[in-house]
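Protein chains in written order, with my numbering: chain A, 6 to 151; chain B, 6 to 151; chain C, 9 to 92; chain D, 9 to 92.
Remarks on the structure that follows.
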Amino acid sequence: MEKQIKNIFIEGAITPDFIAKSICAHQSKTGIGAHQIFLGQVRADLIQDKAVKAIEYTAHTEMALSAMHEIREAIFSQHKLTCMHVYHSLGKVAAGEICLFVFVSAPHRNAATKACAELVERIKFELPIWGKEIFEDNTHQWKINN
Amino acid sequence: MEKQIKNIFIEGAITPDFIAKSICAHQSKTGIGAHQIFLGQVRADLIQDKAVKAIEYTAHTEMALSAMHEIREAIFSQHKLTCMHVYHSLGKVAAGEICLFVFVSAPHRNAATKACAELVERIKFELPIWGKEIFEDNTHQWKINN
Amino acid sequence: MLLIYSIMKIKIQLFGPLTEICNGHQIETELVADTHTLLEVLKKRYPALKKSVFAIAVNNQLRKENTLLQEDDTVSLLPPFSGG
Amino acid sequence: MLLIYSIMKIKIQLFGPLTEICNGHQIETELVADTHTLLEVLKKRYPALKKSVFAIAVNNQLRKENTLLQEDDTVSLLPPFSGG
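This is the structure in structure tokens:
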């Protein structure tokens, strides 16, 4: 159970190298049997013939971090987990790049799998973060989560 | 839909660097919105005061690859996925190292999440692979999947 | 003779599409009694707000009910979240 | 005079804990009629097999029913899987 408010925001895209380093940092925790990782990647959606070239993220960071803290505590109390890490981009993330990295580790896979799915769902609907979808011609629309 | 029988076996542990390269290779696929990754890590379980120091994997590779091929086709036909990759170690994997890497990508997260969970379940119960848990004193026992 | 008025104010933080409707990330208004009154003031100033959906936080706490306001309170208008 | 017998054989592949019971990954037996008969032969040779749980494949196809055997068939004895 982690009590300190942790930062989750990263400026720009989350790199595969950053993800590899996170995975590597868990190899000394030999009680872990299962890691479940969710990665959100920016899609080049075609909307009225224009492709999304990037999403620019902004957030109410203070409220987001405190909401994330509560979600983290709730999920730790519901599942037998070893650890939990969440990273979300701020600023521009190009199509094909990663904007969300959710990483849950547990002794057994069921806990990791369920906790990861719950986390992703709650992150999308409970954190005050907004995505602005920027098209090739620099027009934009505001992203809507379904 | 991939028709060719793909190899899934890797000699020894699966490295974080290999995982990073796999993630990186998907950044050009801009129809992907969600990656779900499952990693199996060897636990240093304590059994009658002896810790597992490694698991040594063997397989009926021919039957495993053909079973994997069927599972892959079935899961592709059930979910709207962009791609699916499975890697399993053969030989010795030390405690803390990764022995299973399941990587499912899709336009939307629900398909990726469900397909990944199904895949892991089927891999554990339908692929003829055996794990020999080797203790610190070089005695061993055969792993049992629950 | 110089009269110095100290007008009591509140800050309003805007996010996502609301930054375009209100032309900025932060605006100020004179202190009003409560969040309902504030919304009326804002909707008069920015008519497009009438068609917007958003939640309200006062000093970073979500408030579903009408909430009394005090000097220097910060009110955040939060349109539907779209992270991830 | 030299008589050359060509004895018809089948190969048996062993996996996991069965490699210890049968001392190896592959053994051979004379051809017998079917998988039921083969199991009787093997259980006589390796009594610990009687307590083992395993599935049977003939030429890499899982066979739940008794299956006729032919010369050069490969029979695999597959204990419960424990990958991952």
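No residue lacks a Cβ here, since even glycine has one placed at the ideal position from N, Cα and C.
Taking only beta-carbon atoms, is C/L86 less than 8 Å away from chain E?
Of the chains in the structure shown, none is chain E; the protein chains are A, B, C and D.
Three or more C-beta pairs closer than 8 Å, one from the segment 98-108 of chain B and one from the segment 100-116 of chain A: is that the case here?
When C-beta atoms of the segment 98-108 of chain B are compared with those of the segment 100-116 of chain A, fewer than three pairs fall below 8 Å, so the two segments do not count as touching.
Please go through the same chain and pick out, in chain order, the residues whose beta-carbon is closer than 8 Å to the beta-carbon of D/L26, but skip the five residues on each side of it.
L57, S60, F62, L85, P87
Under 8 Å between C-beta atoms, does D/G32 make it to chain B?
no
Which term fits B/F77, buried or exposed, when burial requires 16 or more other beta carbons within 10 angstroms of its beta carbon?
Looking at the sequence provided, one finds Arg at residue 77 of chain B rather than Phe. B/R77 comes out buried.
Leaving out five residues before and five after B/N143 in sequence, what residues of the same chain have Cβ atoms less than 8 Å from its Cβ?
none
Could you say if the segment 34-52 of chain B and the segment 30-39 of chain A meet the contact criterion of at least three C-beta pairs nearer than 8 Å?
yes
For the alpha helix (DSSP H) that A/V157 lies in, which residues bound it at each end?
Shown here, chain A extends from 6 to 151; a query on residue 157 of chain A therefore has no answer.
Flag this pair as yes or no: are the beta carbons of A/K58 and A/H84 separated by less than 8 Å?
no
Find the residues of chain B that neighbour D/S60, judging by a C-beta separation of less than 7 Å, and give them in chain order.
By Cβ distance, chain B contributes nothing, its closest Cβ being about 11 Å from D/S60, past 7 Å.
Could you check what DSSP says for B/S27 in three-state terms: helix, strand or coil?
In the three-state reduction of the DSSP assignment, B/S27 falls in the helix class.
Rounded separation between A/E16 and A/G45 - CA only:
15 Å
Return the chain-ordered list of same chain residues with a C-beta closer than 7 Å to the C-beta of A/A69, the five sequence neighbours on each side being excluded.
L132, P133, I134
Within-8 Å CB hit, C/N67 to chain A
no
Going along the chain, which residues of its own chain have a beta-carbon closer than 8 Å to the beta-carbon of C/A93, five neighbours each way excluded?
Nothing can be reported for residue 93 of chain C: it is not among the residues displayed for chain C, which extend from 9 to 92.
Every unbroken beta strand (DSSP E) inside the segment 16-58 of chain C [3 residues or more]:
17-22, 34-38
Select from the segment 83-103 of chain B all residues with a C-beta closer than 7 Å to any C-beta belonging to chain D, and list them in chain order.
H93
The beta strand (DSSP E) with B/H40 in it runs from where to where?
39-46
Taking C-beta to C-beta, are A/H93 and C/G91 nearer than 8 Å?
yes
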